Every structure is written in C-alpha cells, then in structure tokens.
Amino acid sequence: MRTILFLLFLKSVRGFISNKPSIQLQPTPSSLRQRQRHGDPLFVGSNANEMMPLRRGSTVALITPFKPDGSIDINGIEKLIDMHLEAQTDNLCVLGTTAEASVMSMNERELVLKTIVNKAKGKIPILVGTGTINPDSVKKYTQQAIDFGADASLLVTPYYVKPPQRGLIKHFTSMADLGLPVIVYNVPGRTAVDLSDETIAIMSQHEAIVGVKDATGDVSRLTSLKKVLSEMGDTNFLKYSGDDATTTDYILEGGDGCISVTANIVPGLMRAMVHAALEGNEEQANELNRRLSLLNKRLFVESNPIPCKWAANRLGIVDNAYCRPPLDVLDPQYYSFLEEALTAANLI
C-alpha cells in the first residue's frame, strides 16, 4: 500500500517538477550530482564561479568564534580553518546551527563568508547553511553564498510552521533552481517536521539537489532511503549522518560521511573514524568510535553549540566559550561531565 501511495504521489508531483526547465529528470553524465561524485569542476551563477565538489568523508559543522563583546572573531575563524586544513577535514559546513547563524545579520554572514572563502577556497569544499523559515530570506542567503564563492548550500526544512511534504518539495526545488548544489537537512528534533524518504527521493530528481544530512539518529532510515532512491534509479545521492553518536553505524550501513559537531574538537580523529568506516574497516571504525562515544554524547548536555564551545575553549582551540543570546555559556554543573569526556578521548 505504501508503494502504491508513493507512486501516485510521485506522479502528481513530477508534473510540478517537470515544468521547471532547469531540472533534468533523467540523469546525464554532465549532471551536477555525477560531477560531484567524479570530482569535476562545477559552475554556477553569472560569474561562472568554479565550485569544488563535496566529498565523501568528515564534514565539520563549524563553530563561529566570538570575542567577549559578542563581535565576530576573524582571527579565530582563520585559526579554525588552518586546523581543519591540517587535519584534512573533507568539507567545511559554515553558517549552520552550530555556527549560530540564526543570530547573525546579513553583513555578519558576509564577513564570515569572505573570511572563510579567502582562506579556504579551492582547498576544501565550502558548504554554507542558507536555510531558514522564510523562503525570501533563504533565496537571499543562497544568492549571497553563490556571490561569495560557496561550493554548496545546506538547506534545513522550514521550522515551526510544519509544512506538508508537497510544500517541502516545492520549497527545496525552487531554491535548487538558483543553481547552487543543495544538501537538504532533515532534523525533526529541531524543526518539528520530518522529510519522508519518498519526499527526499522525489527531490533527488532535481539535478542540483545532491544529498541529504540526516540528523534523525535513526540508522534504519538510511536503509529505507537507499531502497526508495534505488527504485528511482538514483545511485549518486550523497547521504551524510548529522548525528555524531550514530555516525559509524550510519556509514557502515552505506552512508557517505557525516556533518559533525564533534569534528570541531577532534577533526583528525573524526576523519580517521569516518574513513575507516567508508573503507569497510569495521573493527578500526568501531574502536575509534568507542574512544569518541562519551564525547559524542556529552557535547549535547546543553543546546549545541554551548558544550562544544566550552570544550573547544578548554583545549585552546578558541579563546573563549561565548555564545550569543538567547544561548549562554555552559552551566558550571556540566564542567566535570565535559572534562570526563575529554579525558576518555585522551585529549586532556
């Protein structure tokens, strides 16, 4: 019955998608997704901005360092980029939830983007969070990312308003029409809306929608998604875990990597774990995962990125643990929790 309903839904929605001239329903060798996989240059926008393809592997959901007065710490950002280049982090995800982008102005977003692009362009793919609740704002953020040289956009489902699946399809495909490769972001614990496997599969027919960040924490979702994607004939869709605690299992089940908070603290170790899993070395991947297990959990004892920034400051990665309101610094009752996790990971 579910398959029948899906096929009927697909038939109704495909009419909407097929009327868009920028979408190719039948994948071709020149499609964005295949060029992402094969490492060929991508171009978008009137200035033919050359883009690096996103990689399989470990993507850091980058924190944004602030000064004690709350202003953006440019030197701190550059220091973080150097750390990730040295650790060979596979992709940067910037201006997302972990970056506190929701409390940044358009000018501040521009400042962060310029700093990161100037430092990292052409060295590591740059994935920029451009999603929010208002479609007009999403378009502005996405166009800004294009203008300043981003390689792809991360689009979270519009939160709070609980749009239906058909509304989500229209929203994501209209943003993908701007031409920047899109990773759709499913995090129902924050947004109160869950992208169904069928909806993701339908959106995968748009050549610019190249992957998903799955932050449900339910590895069984990957198995069902792969089945639906296979039925649609899509074998190049990137599947990233957005839940550090289940990343190893997710990749061993056929995922392509992660978009990770923990990678802010241990970029090299996270990359080693992810690549062990990608290579099918289950024993090594699980061994590294056990070392990170407590840290993966305790970086979420309060709202992200509060504990992550405290841990980064404790290790000297950033100069302070400041988070912008309405967030706050870590409650002192959790200091020992984080200390214990850092010790378990052999970091202190």
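Mapping of the sequence shown onto mature numbering (1 follows the signal peptide of the UniProt record, and there is no 0): residues -15 to -1, 1 to 333, in sequence order.
From the three backbone atoms N, C-alpha and C, an ideal C-beta is built for every residue, glycine too.
All values derive from a computational prediction rather than experimental measurement.
Coarse secondary structure for residue i, derived from DSSP in three states
i: MET36; result: strand
i: VAL213; result: helix
i: PHE157; result: helix
i: LYS125; result: helix
i: VAL195; result: strand
i: GLY134; result: coil
i: LEU96; result: helix
i: LEU312; result: coil
i: LYS104; result: helix
i: ILE66; result: helix
i: GLU287; result: coil
i: ASN249; result: helix
i: GLY174; result: helix
i: ASP219; result: coil
i: GLU324; result: helix
i: GLU85; result: coil
i: THR208; result: helix
i: ASP229; result: helix
i: ALA306; result: coil
Bounding residues of the alpha helix (DSSP H) (the contiguous stretch that carries residue i)
i: THR201; result: Careful: THR201 lies outside any alpha helix (DSSP H) and carries neither H nor E.
i: ILE291; result: 291 to 299
i: SER245; result: Element bounds for SER245: not the alpha helix (DSSP H) but the beta strand (DSSP E), 242 to 245.
i: ASN254; result: Here residue 254 turns out to be Leu, not Asn, going by the sequence shown. LEU254 -> alpha helix (DSSP H) spans 252 to 263.
i: LYS147; result: No alpha helix (DSSP H) contains LYS147, which DSSP labels as neither H nor E.
i: ILE333; result: No alpha helix (DSSP H) contains ILE333, which DSSP labels as neither H nor E.
i: ASP234; result: 232 to 237
i: ARG275; result: 267 to 283
i: GLU183; result: 182 to 188
Integer-rounded CB distance, given that residue j should sit under 8 Å from residue i
i: ILE236; j: ALA297; result: About 24 Å separates the two Cβ atoms, so there is no contact after all.
i: THR220; j: MET188; result: Not really, about 16 Å apart at Cβ, beyond 8 Å.
i: ASP203; j: ASN281; result: Not really, about 16 Å apart at Cβ, beyond 8 Å.
i: LYS106; j: GLY134; result: 5 Å
i: SER43; j: CYS293; result: In fact, because the Cβ distance is near 15 Å, the residues do not count as touching under 8 Å.
i: ALA330; j: ARG276; result: 6 Å
i: LEU77; j: ILE101; result: 7 Å
i: ALA248; j: ALA261; result: With a Cβ gap of about 15 Å, ALA248 and ALA261 do not count as contacting.
i: LEU279; j: LEU254; result: The Cβ separation is near 13 Å, so there is no contact.
i: SER209; j: ASP182; result: 5 Å
i: ASN289; j: THR74; result: Contact doesn't hold; Cβ gap of about 18 Å is too wide.
i: ARG299; j: ALA72; result: Not really, about 18 Å apart at Cβ, beyond 8 Å.
Member of the options whose CA lies at the smallest distance from the CA of residue i
i: ILE302; options: THR49, SER122, ILE244; result: THR49
i: GLU95; options: ILE66, THR127, THR82; result: THR127
i: ALA137; options: ILE109, THR82, ASP241; result: ILE109
i: ASN103; options: GLY116, ILE185, ASP67; result: ASP67
i: GLU192; options: THR184, PRO166, LEU280, ASP313; result: PRO166
i: LYS52; options: VAL169, PHE322, ARG309; result: ARG309
i: ALA200; options: LYS155, THR142, ASP162; result: THR142
i: TRP295; options: LEU279, ASP313, SER278; result: ASP313
i: ASN171; options: ALA130, ALA135, PHE133, THR117; result: THR117
i: THR232; options: PHE322, ALA186, ARG41; result: ARG41
i: PRO173; options: ILE194, ALA161, ARG206; result: ARG206
i: ALA177; options: GLN150, ILE168, ALA186; result: GLN150
i: MET160; options: LYS147, VAL195, ASP179, TYR145; result: VAL195
i: LYS124; options: VAL146, TYR144, LYS147, HIS156; result: HIS156
i: ASN60; options: VAL97, ASN92, PRO148; result: VAL97
i: LEU47; options: ASP58, TYR320, VAL79; result: VAL79
i: GLY114; options: ILE168, LYS64, TYR145; result: ILE168
i: VAL286; options: ILE131, GLU268, TYR307, ALA326; result: ALA326
i: ASN266; options: GLY239, VAL246, SER245, PRO252; result: GLY239
i: MET36; options: GLY164, MET217, MET89, VAL88; result: GLY164
Start and end residues, beta strand (DSSP E) containing residue i
i: SER138; result: 137 to 141
i: SER226; result: 223 to 226
i: ASN171; result: 167 to 171
Residue(s) in a DSSP beta bridge with residue i
i: LEU77; result: VAL45, ILE111
i: ILE57; result: PHE51
The ligand ZN heavy atom lying under 7 Å from the CB of residue i
i: ASN60; result: The ligand content of the structure shown is nil, which means the ligand ZN is not present either.
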